[in-house]
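Heads up, the thing below is written out as structure tokens.
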Amino acid sequence: MFEYTFSLVDLEILILILVRISCFVFVAPFYSMSNVPAQAKIGLSAFTALLIAGTVDTTAVTYTGMIGYAVLVVREGITGLLIGFAANICNSIILFAGNIIDMDIGLAMAQEFDPLSRTQVTMTGHLYQYMVLMLMVITNMHHFLLRALIDSYTVIPVNGQVFQWDSLLKSMMQFMSDLFLIGFRIMLPIFVCIMILNCILGIMAKVAPQMNMFAVGMQMKVLVGLLVLLVTVILLPGVADFIFKEMRQMIVSVIEGMY
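Mapping of the sequence shown onto the numbering used here: position 230 corresponds to residue 218, and the numbering continues sequentially without gaps.
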């Protein structure tokens, strides 16, 4: 006969595991999308917590009273939020590149509301964001994020995190430099083509001053920009590789700053 006992201590430990996982799901890319039902997020968090509850190291779980347990809950919540945030902020790279592209081709004022991120985004940034999200699903990058969270219990057991704020700050500074570097690489084809077009328009303005280069240039920039976007769509898998690589580095760097 199969017998299984579940004590109050086991329930308290399960809640601590659930807090880290649910906080990660709340902010991580793909999982935190607003169009994902709340029941699915809760079910994923609870099911994952039940699966790994028997394998997590809980030797460091020591507390006294309700206040001590509340401190553990807050620590686990911060851990999950930091890991999820490390992956989520990498999406800002594609949005940054999209903003610069739209500034070059003249579509920066044509912004729209993104119901997923609940922010105003440009058209190109929004388009690239959905394409990268689609590639994330195709390449099983969302599985990597969930595995990274589960593997974090190996190096950061429950109540075993040691927040090294200097290391976390260094990780953020490194990300800021990578953001501009990767973002410029993404928008480089558009930048070069628009720069050449501006040189041509400048020469034409000297050769034929009777032409209104401002009116002609606006239309040509949009046309050339959309044409280059169409031609460079084959480079999108490489763009996604840049972002996914940065996402992995950020997750590892943030986890290293907590043990």
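In this text, a Cβ means the ideal position worked out from N, Cα and C, and glycines have one as well.
Thinking C-beta only, is residue 246 closer than 8 Å to residue 150? Within the sequence shown, the letter at position 162 stands for residue 150. Within the sequence shown, the letter at position 258 stands for residue 246. Going by C-beta atoms, residue 150 is nearer than 8 Å to residue 246.
Tell me whether residue 102 sits in a helix, a strand or coil according to DSSP, three-state version. As a first step, residue 102 must be located in the sequence shown, where it is residue number 114. Strand.
Distance check for residue 182 and residue 126, CA to CA, integer angstroms please. The count along the sequence shown starts at 1 and reaches residue 126 at position 138. The count along the sequence shown starts at 1 and reaches residue 182 at position 194. Approximately 32 Å between the Cα atoms of the pair.
Taking the alpha helix (DSSP H) that residue 110 belongs to, which residues open and close that run? Within the sequence shown, the letter at position 122 stands for residue 110. Note, residue 110: premise wrong, no alpha helix (DSSP H); beta strand (DSSP E) at 107 to 110.
Please return the same chain residues whose Cβ sits closer than 6 Å to the Cβ of residue 144, not counting the five positions on each side in sequence. By 1-based counting over the sequence shown, the position of residue 144 is 156. Cβ within range, chain order: 246, 247.
Segments of 4+ residues assigned as alpha helix (DSSP H) that fall wholly inside the stretch 112 to 161: 129 to 143
Tell me whether the beta-carbon of residue 254 lies closer than 8 Å to the beta-carbon of residue 67. Missing from the structure shown is residue 254; the chain here goes from -11 to 247 and no further.
Taking the continuous alpha helix (DSSP H) assigned at residue 90, which residues delimit it? Numbered from its first residue, the sequence shown carries residue 90 at position 102. Residue 90 -> alpha helix (DSSP H) spans 79 to 93.
Would residue 94 and residue 16 be called neighbours here (beta carbons separated by less than 8 Å)? The residue labelled residue 94 in the question sits at position 106 within the sequence shown. The residue labelled residue 16 in the question sits at position 28 within the sequence shown. Not in contact: residue 94 and residue 16 (Cβ atoms no closer than 8 Å).
Going by Cα to Cα distance, which pick from 85, 200, 166 is closest to residue 175? Numbered from its first residue, the sequence shown carries residue 175 at position 187. For the residues 85, 200, 166, the minimum Cα distance to residue 175 belongs to 85.
Taking Cβ to Cβ, would you say residue 61 is nearer than 8 Å to residue 4? As a position in the sequence shown, residue 61 is number 73, starting the count at 1. As a position in the sequence shown, residue 4 is number 16, starting the count at 1. Cβ distance < 8 Å, so residue 61 and residue 4 count as in contact.
Label residue 194 either buried or exposed according to how many other C-beta atoms from any shown protein chain fall within 10 Å of its C-beta, with 16 as the threshold for buried. Here residue 194 corresponds to residue number 206 of the sequence shown, with the count starting at 1. Its Cβ having fewer than 16 others within 10 Å, residue 194 is exposed.
Within this structure, are the beta carbons of residue 24 and residue 159 separated by less than 8 Å? Counted from its first residue, the sequence shown places residue 24 at position 36. Counted from its first residue, the sequence shown places residue 159 at position 171. No, the Cβ-Cβ distance between residue 24 and residue 159 is not below 8 Å.
How would you call residue 6, buried or exposed, if buried means at least 16 neighbouring beta carbons within 10 angstroms? Numbered from 1 along the sequence shown, position 18 holds the residue referred to as residue 6. Looking at its Cβ environment, which holds 16 or more other Cβ atoms inside 10 Å, residue 6 is buried.
Once DSSP output is grouped into helix, strand and coil, what is the label at residue 228? One-based indexing of the sequence shown puts residue 228 at position 240. Residue 228: helix per DSSP, three-state reduction.
I need the DSSP call for residue 23, collapsed to helix, strand or coil. Counted from its first residue, the sequence shown places residue 23 at position 35. In the structure shown, residue 23 sits in coil (DSSP, three-state: anything other than H, G, I, E or B).
I'd like the span of the alpha helix (DSSP H) that includes residue 55, first residue to last. In the sequence shown, counting from the first residue as 1, residue 55 sits at position 67. Here the alpha helix (DSSP H) through residue 55 covers 53 to 76.
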